[in-house]
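**Student:**
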Amino acid sequence: MLVLLIFSVIILLILYIKNKYFTLRDHILGLSPHFLFGNVIQSGFVYGRSRAQIFEEYKQRYGDIFQFFFGPIRLIVVSNTTDIQHIFTHRNIYEQGYLFTEQFSVLFPSGFITLTGSKHKRHAAIAMPLFRRARIIDNFDLIVDCTDKLLSNWRITSSQHIHCDIVAQCQNLLLQIFGLISFDYDLEALDQDNPSKNELTKALHDFMSACELVLVAPRILGVMYTKLSRRHRRAKSIITRYIYQMIDNEMTASEESRAQRKRTCLIASLIASLQEDEEMEAKKSENEKKGLSRAEVLQEMLAFMIAGYETTSTALAWFIHFMSKYPHVQQKIKEELIKTGGEQDLTLNRLDSLVYLDCAINESLR
167 MLVLLIFSVI ILLILYIKNK YFTLRDHILG LSPHFLFGNV IQSGFVYGRS
217 RAQIFEEYKQ RYGDIFQFFF GPIRLIVVSN TTDIQHIFTH RNIYEQGYLF
267 TEQFSVLFPS GFITLTGSKH KRHAAIAMPL FRRARIIDNF DLIVDCTDKL
317 LSNWRITSSQ HIHCDIVAQC QNLLLQIFGL ISFDYDLEAL DQDNPSKNEL
367 TKALHDFMSA CELVLVAPRI LGVMYTKLSR RHRRAKSIIT RYIYQMIDNE
417 MTASEESRAQ RKRTCLIASL IASLQEDEEM EAKKSENEKK GLSRAEVLQE
467 MLAFMIAGYE TTSTALAWFI HFMSKYPHVQ QKIKEELIKT GGEQDLTLNR
517 LDSLVYLDCA INESLR
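Convert by adding 166 to the 1-based position in the sequence shown; the result is the number in my numbering.
#1: Does the distance from the C-beta atom of H289 to that of L281 stay below 8 Å?
#2: Where do the N-terminal and C-terminal ends of the alpha helix (DSSP H) with L346 fall, by residue?
#3: Taking C-beta to C-beta, are F278 and A438 nearer than 8 Å?
#4: Buried or exposed: where does S209 fall if 16 or more other Cβ atoms within 10 Å of its Cβ makes it buried?
#5: Any contact of the segment 296-307 with the segment 261-273, i.e. 3+ C-beta pairs under 8 Å?
#6: In the DSSP output, which residue or residues are listed as bridge partners for G457?
#7: Would E416 and I433 be called neighbours here (beta carbons separated by less than 8 Å)?
#8: Which residues does DSSP pair with F533 in a beta bridge?
#9: Count the CB pairs spanning the segment 451-458 and the segment 248-264 that are closer than 8 Å, and state whether there are at least three.
#10: Where DSSP assigns a beta bridge to L356, which residues make up the other side?
#11: For I413 and E365, which I take to be in contact (beta-carbon distance under 8 Å), what is that distance rounded to the nearest angstrom?
#12: DSSP state of H252, grouped into three classes?
#13: Scan the segment 369-457 and note each continuous alpha helix (DSSP H) run of 4 residues or more that stays entirely inside, going in chain order.
#14: Which whole-angstrom value describes the C-beta separation of Y475 and L341, a residue pair presumed to lie in contact below a C-beta threshold of 8 Å?
#15: Throw me the rounded Cβ distance for the G196 and P238 pair, which I believe falls under 8 Å.
#16: Considering only the beta carbon of each residue, do Q233 and I242 sit closer than 8 Å?
#17: If Q465 and S276 are in contact, beta carbons under 8 Å, what's the gap, nearest whole angstrom?
#18: Determine the contact status of F201 and K184, defining contact as a CB-CB distance below 8 Å.
#19: Mind checking who H200 pairs with in its DSSP beta bridge?
#20: What number of angstroms, rounded off, separates the C-alpha of V310 from the C-alpha of S318?
#21: DSSP on E261, reduced to helix/strand/coil?
#22: Within the continuous alpha helix (DSSP H) that includes S318, where are the two ends?
#23: So, is A526 buried or exposed, given that buried needs 16 or more other C-beta atoms within 10 angstroms?
#24: Starting from I194, follow the alpha helix (DSSP H) in both directions and report where the run begins and ends.
#25: So K285 is in the alpha helix (DSSP H); what residue range does that whole segment cover?
#26: Take K449 and list the residues in its own chain whose beta-carbon comes closer than 6 Å to its own, dropping the five residues that flank it on each side.
#27: For D511, does the three-state DSSP call read helix, strand or coil?
#28: At which residue ranges does the segment 478-530 contain complete alpha helix (DSSP H) runs of 4 or more residues, listed in the order of the chain?
#29: Just to confirm, are G345 and A355 a CB contact at a threshold of 8 Å?
#30: Start and end of the alpha helix (DSSP H) containing Y182?
#31: Do F188 and P199 have their beta-carbon atoms positioned less than 8 Å apart in this structure?
#32: Here's the rule: buried if 16 or more other CB atoms are within 10 angstroms of the residue's CB, otherwise exposed. What is V521?
#33: Determine the burial state of T255: buried for a count of at least 16 other Cβ atoms within 10 Å of its Cβ, exposed for fewer.
#34: Contact check, A376 vs S348 under 8 Å by CB: the rounded distance?
#35: In chain order, what residues of the same chain have a beta carbon less than 7 Å from the beta carbon of N528, not counting five sequence neighbours either side?
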């Protein structure tokens, strides 16, 4: 009798899991998934096929919108650019995808990019203005200076040195830029001797290495890794110590100094939104809360760094790759640069006048 009961419970559990995690839903087309494995075997993903190849095949078979099961994770894939634009421009209708919020929340539980609902609105009211064009313009010269330093490093490299890891170089460039913009802190990421000798820089590299693992692993494994990995816990402890020290330094600065630094430094802008009484704010409902706690400021700074650093450095590396593959496009960009000022210093007005370069960048991003 006991054996029969256990067997029945196991069968019911399997049926529940199959129905909840491995069943097509919402009348969206797709290939019926296997139990536990989803579509990863049927699609050839486990045999080395890329997601781009798989999604292209599924698009031809099921249309612009279809379901795909990455193991137990259900994805709704949208491939029509008009639909994608509609989704991104109507955030008030479409929440962040479950996969995105679940995976990123392992690392940034209170980060703007992982939140939904009222909490997202509170964070968005503070975070979104920090990324408007006017705020980026204030850091234009800083970005140019960091880029010039990287180019100088390349120029003085021995001609006998053949291999150059462009991806790593772009990552170091963006880490340096985001360190200065986010913290007004020199991470020494472009120093040729040893860019990882800086304690905070090394901790950020270790933290970002964990991001690569956590974002592709099942959530439970990501949670276990962040709890058990000594390297990750040490990196997070160092980053927390540095950022809290920066917050304390900002709080002791004069109001005039803080007002000036808010134009170019993200942490100075976020400090202005710090809650005066965190305990009192914690007792309020989410709709009544104002400002950010110290822990939320820490989470936002980390999320800004990781999200911006990774995406921008990847885009830059791809652009350099495409320029090497299409020398005629590279030549047209050079001609446009010469036509608009040659070797003169790059200014914002000059950058805005580079129409062909803008088209080349948009095509790379596409």
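Note that beta-carbon positions come from the ideal geometry of N, C-alpha and C, so glycine has one too.
**Tutor:** So, to answer that:
#1: yes
#2: 332-349
#3: no
#4: With 16 or more other Cβ atoms within 10 Å, it is buried.
#5: no
#6: Answer is none; G457 lacks a bridge partner.
#7: yes
#8: No information on residue 533 is available, as it lies outside the stretch 167 to 532 that the chain covers here.
#9: no
#10: Paired residue(s): none; L356 is not in a bridge.
#11: Not really, about 18 Å apart at Cβ, beyond 8 Å.
#12: helix
#13: 385-394, 396-418, 421-427, 432-437, 444-449
#14: 6 Å
#15: Actually they are not in contact, since the Cβ atoms of G196 and P238 sit about 15 Å apart, beyond 8 Å.
#16: yes
#17: 4 Å
#18: yes
#19: G204
#20: 12 Å
#21: Of the three classes helix, strand and coil, the one that applies to E261 here is coil, per DSSP.
#22: In the DSSP assignment, S318 falls within the alpha helix (DSSP H) that extends over 306-321.
#23: Counting Cβ neighbours within 10 Å, A526 comes out buried, since at least 16 surround it.
#24: I194 -> no alpha helix (DSSP H), and no H or E assigned at all.
#25: It spans 283-293 - the alpha helix (DSSP H) in which K285 sits, taken as one unbroken run.
#26: none
#27: D511: coil per DSSP, three-state reduction.
#28: Runs found: 493-505, 514-518.
#29: Yes; because the gap between Cβ atoms is below 8 Å, this pair is in contact.
#30: 168-187
#31: yes
#32: Burial is judged here by how many other beta carbons sit within 10 angstroms of a residue's own beta carbon; V521 has fewer than 16 and is exposed.
#33: exposed
#34: Rounded, the Cβ-Cβ distance is 19 Å, inconsistent with contact.
#35: none
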